[in-house]
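>
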Amino acid sequence: KITRREDYREPDWRVPEIALDFALDPAATRVRATLQVERAGTHDRPLRLNGDGLTALAVRVDGAEAQGWRMDGADLVVPLTGVAHVVETEVEIAPERNTQLQGLYASGGILCTQCEAEGFRRITFFPDRPDVLSRYKVKLTADKTRFPVLLANGDPIAQGDLEGGRHWAEWHDPFPKPSYLFALVAGDLVANRGTFVTLSGREVQLGIWVRSPDLAKTDHALHALKLSMAWDEKVYGREYDLDVFNIVAVDDFNFGAMENKGLNVFNSRYILADPDTATDYDYDAIAAVVAHEYFHNWSGNRVTCRDWFQLSLKEGFTVFRDQSFSADQGSAAVKRIEDVRGLRASQFPEDSGPLAHPVRPDEYIEISNFYTATIYNKGAEVIRMMATILGPDKFRAATDLYFDRFDGTAATCEDFVQCMEQAGGVDLTRFRRWYSQAGTPRVSATLAQEGGRARLKLRQLVPPTPGQPSKEPMVVPLRLKLFGANSGAPLGDEQLILLEDDSRELLFDNLSEPPALSINRGFSAPIIVETNRTAQDLAFLSAHDDDPFARYEAMQQLMLDTLVASAANGGADHGAVIEAVRNTLGDSRLDRAFVAEAVLLPSDSFIGDQMAVVEPEAIFRAREALRNELGKTLAGEWRAAYDGSRANRFEYSPAAKGARRLRTVALGYIAASGAADADRLAFDQFADADNMTDRQGALTTLVNGSSPLRDEAIDTFYRRYQGNGLVLDKWFQTQALSTRDDTAEMVERLVAHPDFTLSNPNRARSLVGAFSVNQRAFHDVSGRGYRFVADQLIALDKLNPQTAAKLIPPLGRWKRFDEGRAAKMRAELERIVATPGLSKDMFEQASKSLD
Ligand code: ARG
Ligand code: ZN
Numbered sequence: 012k013i014t015r016r017e018d019y020r021e022p023d024w025r026v027p028e029i030a031l032d033f034a035l036d037p038a039a040t041r042v043r044a045t046l047q048v049e050r051a052g053t054h055d056r057p058l059r060l061n062g063d064g065l066t067a068l069a070v071r072v073d074g075a076e077a078q079g080w081r082m083d084g085a086d087l088v089v090p091l092t093g094v095a096h097v098v099e100t101e102v103e104i105a106p107e108r109n110t111q112l113q114g115l116y117a118s119g120g121i122l123c124t125q126c127e128a129e130g131f132r133r134i135t136f137f138p139d140r141p142d143v144l145s146r147y148k149v150k151l152t153a154d155k156t157r158f159p160v161l162l163a164n165g166d167p168i169a170q171g172d173l174e175g176g177r178h179w180a181e182w183h184d185p186f187p188k189p190s191y192l193f194a195l196v197a198g199d200l201v202a203n204r205g206t207f208v209t210l211s212g213r214e215v216q217l218g219i220w221v222r223s224p225d226l227a228k229t230d231h232a233l234h235a236l237k238l239s240m241a242w243d244e245k246v247y248g249r250e251y252d253l254d255v256f257n258i259v260a261v262d263d264f265n266f267g268a269m270e271n272k273g274l275n276v277f278n279s280r281y282i283l284a285d286p287d288t289a290t291d292y293d294y295d296a297i298a299a300v301v302a303h304e305y306f307h308n309w310s311g312n313r314v315t316c317r318d319w320f321q322l323s324l325k326e327g328f329t330v331f332r333d334q335s336f337s338a339d340q341g342s343a344a345v346k347r348i349e350d351v352r353g354l355r356a357s358q359f360p361e362d363s364g365p366l367a368h369p370v371r372p373d374e375y376i377e378i379s380n381f382y383t384a385t386i387y388n389k390g391a392e393v394i395r396m397m398a399t400i401l402g403p404d405k406f407r408a409a410t411d412l413y414f415d416r417f418d419g420t421a422a423t424c425e426d427f428v429q430c431m432e433q434a435g436g437v438d439l440t441r442f443r444r445w446y447s448q449a450g451t452p453r454v455s456a457t458l459a460q461e462g463g464r465a466r467l468k469l470r471q472l473v474p475p476t477p478g479q480p481s482k483e484p485m486v487v488p489l490r491l492k493l494f495g496a497n498s499g500a501p502l503g504d505e506q507l508i509l510l511e512d513d514s515r516e517l518l519f520d521n522l523s524e525p526p527a528l529s530i531n532r533g534f535s536a537p538i539i540v541e542t543n544r545t546a547q548d549l550a551f552l553s554a555h556d557d558d559p560f561a562r563y564e565a566m567q568q569l570m571l572d573t574l575v576a577s578a579a580n581g582g583a584d585h586g587a588v589i590e591a592v593r594n595t596l597g598d599s600r601l602d603r604a605f606v607a608e609a610v611l612l613p614s615d616s617f618i619g620d621q622m623a624v625v626e627p628e629a630i631f632r633a634r635e636a637l638r639n640e641l642g643k644t645l646a647g648e649w650r651a652a653y654d655g656s657r658a659n660r661f662e663y664s665p666a667a668k669g670a671r672r673l674r675t676v677a678l679g680y681i682a683a684s685g686a687a688d689a690d691r692l693a694f695d696q697f698a699d700a701d702n703m704t705d706r707q708g709a710l711t712t713l714v715n716g717s718s719p720l721r722d723e724a725i726d727t728f729y730r731r732y733q734g735n736g737l738v739l740d741k742w743f744q745t746q747a748l749s750t751r752d753d754t755a756e757m758v759e760r761l762v763a764h765p766d767f768t769l770s771n772p773n774r775a776r777s778l779v780g781a782f783s784v785n786q787r788a789f790h791d792v793s794g795r796g797y798r799f800v801a802d803q804l805i806a807l808d809k810l811n812p813q814t815a816a817k818l819i820p821p822l823g824r825w826k827r828f829d830e831g832r833a834a835k836m837r838a839e840l841e842r843i844v845a846t847p848g849l850s851k852d853m854f855e856q857a858s859k860s861l862d
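Just so we're aligned: the sequence shown equals residues 12 to 862 in UniProt numbering.
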């Protein structure tokens, strides 16, 4: 069954108030709901309450047993005559048997909920759509020993003890909210507590709730929360609005975290950190996700979405906000590089494959499948482009207008764009195509010099995508600048130009020397740029461009051109890359984190994305050959970088992080050079490290190699962290990402490991998810990688369809490969589609991937 955006209709009934009463028990939880319902408009349609797997044990209207109610599929339909009624229902659910992790479920002895997008209907009967906003009163009753802490949205009202070892708590959320933001948690938890005083002087009680052994790992998250609260006040003028803000960490969670009003629930991997168990990447991700969920309090909760087609209204905007927050905490350039790397690794392939969809989709079968890189990350780029076009002051005026105008309501992407237009004084009519058209635009930029003049020809092409055979031109904001190819000096200021039609020409006069083109600086538009720049131009820009992002881009493009040529021809001249890397390594003015990013070669899969037919083995060989030559030729430089970034003891600061990053990158090149002492060096780093970044970095190098120390490292790591689920995920993942020939075999063995389970989503992703993005191993010509992943996904679908369906895309990329591989990939997709009892999540992803 397909849901279409154009079929949107206002709700028939509003529910201004709801009272929920939970008698909690893992095996059988009673849920009593009391809904104040009001007919919206003049119609005579009955009240329809969504359910999913619920049986109504009682239905009452205005205190009396309801007459004539019926089930329509999973929904409860209640005929009502007047305009306002009180409707009560009662159901029983079994959280401990909920393996989907949607609705009310149990994780490590904690009872918790996940309702977005449509999980609330697994808890109680309700019009489970984001444009029905209610005030919630929630009463929780549970065994006091097993569940001493009882949390829900909003502010705590009252609590007390009962006979038989039970107790209760009541919570009240004064802000009307849609059902997807409902949450409760019950468990044996402790809190790391803090306070935050808002701009207007209100004191907020903060709590990060975990099981007691984890308490020592929550300081970083609490600190990040305080920083986020201050940042949103300063940058967007947004203040927190309740007396308490609680975050709970659970080990079993389908994605990163959830912004439930006043009670965020997190995957524990985005909360728990200490130097011994979390990498710098983890620390950064924790701060980013804490910020993201906190920022949703305004972009998502105070202003929510009218329907799920508007998902990017809250997600794209909130990702843009968390990216800006992170950029403000350290190096903005490095943050931008990481975000663009992520966009290219996940969103670009999505946009060019069978699951491509617009930022505002037109239809879906299962909404859970649309929590994608396109909605989140391309959505963030769309917001960023509007911010670029408006400039900071007008953008702020526009977001003020948006929050002011739509506070307490359910809005649309169109509403947001209208605020941008009004406060920005701009016409975004054509710009709206970014919301409706899928596909990554390709822009070709050809610069031709004639004496003291130069002509830049820009041309764009938006490729066809499923259901959208032909496209209109997009509005592409391009920041560009010319540099003198002899002196390296700028030839004029940076310009922001808008490419709004198929093509555009720009003229540059009075050039004193030949120009080199710096374009799409800062990645001002989420596009693919093709230029006529030579290897020499790129090497030059990688050393002289004054925008660090553009410098990184020039280097990446140079590496990419070299690697693609090498993969296609079985070898290439590495000279220009080696010189550019040498220059970057030797430039002592550059921040270490930037250097580490800049000297890293593009990934196997990004190289593959540039080829007409992806050749995994040829790509791997080309990349290894370049790594080997870089390692050998710059042996002295890598040693110097390695030794120069050694630290005495762990510190979490931008400079220390940069040093660690460069150190592990250098170690990788030393190993790639085949240096005799590389394994020893890696093993010593592994054994002596006082932090997980260095330890895992060294482990990765060892796991990719064939030294006798390899098995010892794998074993030592396992024994040291046995019992720590988050670190064991790293152990599985590092092996699944190995570049060795026998990775497929190794991964097949690891599924039988006693610590492997499909019922924990992090664990499933750490092995199956990681393996399926290991281009060389997954695409082993035998097809065993495909078979392995399909087997696992079929098994996972029976437990947790949402998590299984998210892992389909690598199999869906069959069109990009040779016939032999494509046929084998298709065969696995067909096997999945033919599986009896397949979920609609998996059906949608797998069947669309076959088209
Ligand atoms: N709103 C959450 C966040 O971005 C994620 C919810 C994901 N839901 C889903 N059904 N996949 O912070
Ligand atoms: Zn979000």
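Just so you know, even glycine gets a beta-carbon here, dropped at the ideal spot from N, CA and C.
In chain order, what residues of the same chain have a beta carbon less than 8 Å from the beta carbon of G499, not counting five sequence neighbours either side?
Here residue 499 refers to the residue found at position 488 when the sequence shown is read from its first residue. Excluding sequence neighbours, G499 sits near F551, A554, H555.
> Between R347 and F131, how many whole angstroms is the CB-CB distance? I'm expecting something under 8 Å.
Numbered from 1 along the sequence shown, position 336 holds the residue referred to as residue 347. Numbered from 1 along the sequence shown, position 120 holds the residue referred to as residue 131. 37 Å between Cβ atoms; not a contact.
> Please confirm whether A232 and A194 have their CB atoms less than 8 Å apart.
Taking the first residue of the sequence shown as 1, we reach residue 232 at position 221. Taking the first residue of the sequence shown as 1, we reach residue 194 at position 183. No, the Cβ-Cβ distance between A232 and A194 is not below 8 Å.
> Checking the sheet assignment: what are the DSSP bridge partners for T152?
For the purposes of this step, residue 152 is taken as the residue at position 141 of the sequence shown. Beta-bridge pairing links T152 to A34, W179.
> Please report the straight-line C-alpha distance between D657 and S616, rounded to a whole angstrom.
Locating residue 657 in the sequence shown gives position 646, where the first residue counts as 1. Locating residue 616 in the sequence shown gives position 605, where the first residue counts as 1. One point to set straight first is that residue 657 is Arg, not Asp, in the sequence displayed. Cα to Cα, R657 sits roughly 31 Å from S616.
> In angstroms with no decimal places, state the Cα-to-Cα distance between H303 and R332.
The count along the sequence shown starts at 1 and reaches residue 303 at position 292. The count along the sequence shown starts at 1 and reaches residue 332 at position 321. If I take the Cα positions, the gap works out to 7 Å.
> Tell me which residues share the same chain as S577 and place their Cβ nearer than 6 Å to its Cβ, disregarding the 5 neighbours each side in the sequence.
Taking the sequence shown and counting its residues from 1, one reaches residue 577 at position 566. Hits under 6 Å: A583, A633.
> Between which residues of its own chain and T66 is the CB-CB distance below 7 Å, once the five residues before and five after are set aside?
Reading the sequence shown from its first residue, position 55 is the one you call residue 66. Here the set comprises V102.
> Classify I168 as buried or exposed, calling it buried when 16 or more other Cβ atoms lie within 10 Å of its own Cβ.
Sequence index remark: in the sequence shown, residue 168 carries index 157 (1-based). I168 should be labelled exposed.
> Measuring straight from C-alpha to C-alpha, what distance separates R774 and L720?
As a working note, residue 774 is residue 763 in the sequence shown. As a working note, residue 720 is residue 709 in the sequence shown. So the alpha carbons of these two residues sit roughly 26 Å apart.
> DSSP puts S223 in a beta bridge; with which residues?
Within the sequence shown, residue 223 is the residue found at index 212, counting from 1. In the DSSP output, where bridge partners are listed per residue, S223 has none listed.
> Does the separation of the CB atoms of A689 and A682 fall below 8 Å?
Residue numbering aside, residue 689 sits at position 678 when the sequence shown is read from its first letter. Residue numbering aside, residue 682 sits at position 671 when the sequence shown is read from its first letter. Yes, they are a contact pair.
> Quick one, are the C-beta atoms of D142 and A561 less than 8 Å apart?
Position 131 of the sequence shown, counted from the first residue, corresponds to residue 142. Position 550 of the sequence shown, counted from the first residue, corresponds to residue 561. Not closer than 8 Å, so no.
> When you compare only the Cα positions, how much space is there between R660 and D32?
Start at 1 with the first residue of the sequence shown, and residue 660 comes out as number 649. Start at 1 with the first residue of the sequence shown, and residue 32 comes out as number 21. Computed Cα separation, rounded: 52 Å.
> Tell me whether the stretch 182 to 194 and the stretch 204 to 213 touch, counting them as touching only if at least three CB pairs, one residue from each stretch, are closer than 8 Å.
no
> Considering only the alpha carbon of each residue, which of F605, Q170, F359 lies closest to I538?
By 1-based counting over the sequence shown, the position of residue 538 is 527. Of F605, Q170, F359, the residue nearest in Cα terms is F359.
> So which of V437, P477, K272, P286 has the shortest CA-CA distance to D362?
Locating residue 362 in the sequence shown gives position 351, where the first residue counts as 1. Considering only alpha carbons, the answer is P477.
> Do you know how far the Cα of E626 is from the Cα of V575?
As a position in the sequence shown, residue 575 is number 564, starting the count at 1. As a position in the sequence shown, residue 626 is number 615, starting the count at 1. Cα to Cα, V575 sits roughly 10 Å from E626.
> Excluding the 5 residues preceding and the 5 following L412 in the sequence, name in chain order all residues of the same chain whose CB lies nearer than 6 Å to its CB.
Taking the first residue of the sequence shown as 1, we reach residue 412 at position 401. C430, A434, listed in sequence order.
> Could you give the DSSP three-state label for L574: helix, strand or coil?
Here residue 574 corresponds to residue number 563 of the sequence shown, with the count starting at 1. Here L574 sits in helix by DSSP.
> Can you tell me the Cα-Cα spacing of L283 and L493, whole angstroms?
For the purposes of this step, residue 283 is identified with residue 272 of the sequence shown, where counting begins at 1. For the purposes of this step, residue 493 is identified with residue 482 of the sequence shown, where counting begins at 1. So the alpha carbons of these two residues sit roughly 46 Å apart.
> For a test of your reading of the model: does the CB of F266 fall under 7 Å from any non-hydrogen atom of ligand 1? Yes or no.
Residue numbering aside, residue 266 sits at position 255 when the sequence shown is read from its first letter. Distances from the CB of F266 to the heavy atoms of ligand 1 include at least one below 7 Å.
> Which residues mark the beginning and the end of the beta strand (DSSP E) in which G205 is found?
Within the sequence shown, numbered from 1, the residue matching residue 205 stands at position 194. Boundaries of the beta strand (DSSP E) harbouring G205: 201 to 208, taken from the DSSP string.
> Note down the Cα distance separating V428 from R466, rounded to an integer number of angstroms.
Indexing the sequence shown from 1 puts residue 428 at position 417. Indexing the sequence shown from 1 puts residue 466 at position 455. If you take the alpha carbons of V428 and R466, they lie about 34 Å apart.
> Under 7 Å: does the beta carbon of T234 sit that close to some heavy atom of ligand 2?
The count along the sequence shown starts at 1 and reaches residue 234 at position 223. The displayed chain sequence assigns His, not Thr, to residue 234. With a cutoff of 7 Å, H234 does not count as near ligand 2, since its C-beta is closer than that to no heavy atom of the ligand.
> Going by C-alpha to C-alpha distance, which of A623, A289, L507 sits closest to M397?
Counted from its first residue, the sequence shown places residue 397 at position 386. Per the Cα distances, L507.
> H307: beta carbon under 7 Å from a heavy atom of ligand 2?
By one-based count along the sequence shown, residue 307 stands at place 296. Answer for H307: yes, Cβ within range of ligand 2.
> Mind checking whether the beta-carbon of E392 lies closer than 7 Å to any heavy atom of ligand 2?
Taking the sequence shown and counting its residues from 1, the one referred to as residue 392 is at position 381. E392: no, Cβ never under 7 Å from ligand 2.
> To the nearest angstrom, report how far apart D36 and A105 are at their CA atoms.
Numbered from its first residue, the sequence shown carries residue 36 at position 25. Numbered from its first residue, the sequence shown carries residue 105 at position 94. If you take the alpha carbons of D36 and A105, they lie about 8 Å apart.
> Can you tell me where the alpha helix (DSSP H) with residue 867 in it begins and where it stops?
Since the first residue of the chain shown is 12 and the last is 862, residue 867 is not available in this structure.
> Count the other CB atoms, across all protein chains shown, that sit within 10 Å of the CB of T53; report buried if there are 16 or more and exposed otherwise.
Within the sequence shown, residue 53 is the residue found at index 42, counting from 1. Answer is exposed; the Cβ neighbour count stays below 16.
> Report the residue from L91, P286, P452, R371 whose alpha carbon sits nearest the alpha carbon of Q321.
Stepping through the sequence shown from its first residue, residue 321 is reached at position 310. Closest by alpha carbon: R371.
> Between the beta-carbon of A51 and the beta-carbon of W24, is there less than 8 Å?
Within the sequence shown, numbered from 1, the residue matching residue 51 stands at position 40. Within the sequence shown, numbered from 1, the residue matching residue 24 stands at position 13. Result yes, Cβ atoms of A51 and W24 sit closer than 8 Å.
> Can you tell me whether L401 is buried or exposed? The criterion is at least 16 other CB atoms within 10 Å of its CB, across all chains shown.
The residue given as residue 401 occupies position 390 in the sequence shown. By the 16-neighbour rule on beta-carbons within 10 angstroms, L401 is buried.
> Go ahead and pull the three-state DSSP assignment for R470.
Indexing the sequence shown from 1 puts residue 470 at position 459. It is a strand residue.
> Taking 7 Å as the line, does the beta carbon of T288 fall inside it for any heavy atom of ligand 2?
Position 277 of the sequence shown, counted from the first residue, corresponds to residue 288. Not under cutoff, so the answer is no.
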